[in-house]
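These notes are about the structure you will find just below.
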Amino acid sequence: MKRLLCLILILVLSVGLLAACGKDPGTAGGNGGNEPAATPEPTPEPTPEPYNAQLLTGYEKDSSYPDNQRPVAIMFNNLIDARPQNGLSDAEIVVEIKVEGGITRLMGIFDDWSDLGKIGPLRSCRDQYFQLFLPWQMLYAHDGQSVITDQMEEQYDYQEFNLKWVGKYTWREPNRYNWAGKTGLATEHTEYTDGEHLIAYITGEGVDTFRDYGESTFFNFVDYREPARQLSGDEVSVAEQVTVQHSSSYRTRLTYDSSLNLYYMSQYYGKSGYLDTIDQNNDQQLAFDNVVVLFTDIHTYPGHTSTDLQFVDYSYGGYGYYIYGGKAERIRWVKGTPQEALRLVQLDGSTPYEINCGKTYLAVVDLDEFNNFSCEALTTSEG
């Protein structure tokens with residue numbers, strides 16, 4: 100009987116012990132298990148770094164970037180006898196537009212001009228270039244300018260930022276050789292400057308170089324924190340070799356190198372065909388991440404037939420092409436008054452169009468030359 104009672108007691112104690120072990124320790128105690136489980140605090144999202152893009156390329160600014168400094172736009176002689184030029188490979192943007200007589204000038208835009216090497220040959224400015232940098236209040240350097248540019252400079256009170264060359268800020272190289280080994284060149288093919296002379300001019304003339312651009316950029320660039328945009332869609336075509344004709348004798352070709360994702364520039368030399376556009380400072384061919392070609396009406400200014408000064412119509416905008424990565428996409432562009440900045444937009448005419456970060460070749464081309472513009476695959480293009 101005692102043995103039976105002991106067995107019953109052991110069984111009862113075992114059941115109680117198992118029940119106690121099965122309880123949730125978090126709910127045991129005097130509160131009867133009614134308290135909710137603790138919720139972990141959410142991990143805060145990291146605060147993104149503020150957008151801090153360079154004005155001319157869209158890349159992120161680094162410690163060497165000349166923040167709050169006006170860029171300088173410099174006019175380069177592009178007559179065939181004046182080539183090769185010096186210093187163009189340092190430009191963040193190179194602009195080419197037709198001027199009188201079917202020739203073109205090149206305008207290099209530089210964000211850091213303080214340590215530029217040899218620059219030139221220098222040439223005179225035209226208003227079709229002036230209207231592109233006017234909204235950004237850039238410094239501009241040249242030797243001479245058209246009467247139309249004179250009028251605009253006065254109208255928009257731009258005299259302070261016009262670096263009008265005088266002898267002590269430039270030099271001549273009358274014995275220089277051009278691409279063909281020719282010397283004894285015309286005087287206008289022999290004038291140069293550099294960063295040291297630019298600083299001397301700016302300091303000596305008391306030029307205001309400060310300008311806070313905030314988050315503004317010359318083009319709408321893809322955010323440098325995001326991957327580059329790859330062109331695709333119905334308006335995209337192959338563009339491994341791009342030919343831009345400004346006139347029958349002034350043609351520029353940009354050839355895509357897929358291994359470097361760059362377009363290399365060459366120009367037409369008549370019977371010699373296309374030759375590489377070389378910067379004589381470093382013997383390197385000019386290369387660009389982006390190519391932008393915009394079409395508009397270009398004609399002689401009324402009353403200036405004797406000098407053939409060219410009127411470039413920025414008033415109404417037009418169509419063009421953005422070229423990147425071996426492909427071209429049709430776009431539109433708008434500007435308006437001289438004081439309004441150039442803007443690239445999508446085909447709807449209003450939505451901003453973004454280009455990828457990098458150096459840009461920008462051409463403004465006469466509508467009359469549209470049929471001579473081409474984008475081709477390298478395997479089918481002609482030399």
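This note's numbering puts the sequence shown at residues 100 to 482.
Ideal Cβ positions, reconstructed from N, Cα and C, are used throughout, including at glycine.
Bear in mind the structure is a predicted one, so any value in this text is a computation, not a measurement.
- If you compare the alpha carbons of P326, Y349, F260 with that of F309, the shortest gap goes to F260.
- Contact check between the segment 345-354 and the segment 198-213: three or more CB pairs, one atom from each, fall below 8 Å, which counts as touching.
- When the Cα atoms are used, S315 and A152 turn out to be separated by approximately 8 Å.
- Around the Cβ of N185, a 10 Å sphere holds 16 or more other Cβ atoms; the residue is buried.
- For P220, the number of other beta carbons within 10 angstroms of its own is at least 16, and it is reported as buried.
- Look at A299 here: in three-state DSSP terms it is helix.
- V392 sits away from A327, with the two beta carbons spaced by 8 Å or more.
- In this structure, G448 sits near R431, with a CB-CB distance shorter than 8 Å.
- For F209, the uninterrupted beta strand (DSSP E) segment begins and ends at 203-209.
- Comparing C-alpha distances from L330 to each of N455, L297, Y355, K267 shows the shortest one belongs to N455.
- Between K434 and L441, the C-beta gap is smaller than 8 Å, which places the two residues in contact.
- If the five residues before and after I298 are omitted, its C-beta is found closer than 7 Å to the C-beta atoms of S213, all from its own chain and listed in chain order.
- In the displayed model, F410 falls within a strand according to three-state DSSP.
- For V335, the closest alpha carbon among the candidates T404, Q445, I179, D356 is that of Q445.
- Around the CB of Q230, 16 or more other CB atoms lie within 10 Å, so the residue is classed as buried.
- If you draw a straight line from the Cα of N167 to the Cα of T478, it comes to about 46 Å.
- DSSP places T248 within a helical segment (H, G or I) once states are collapsed to three.
- At the C-beta level, R271 and E290 come within 8 Å of one another.
- Pairing D375 with E144, the inter-Cα distance amounts to about 50 Å.
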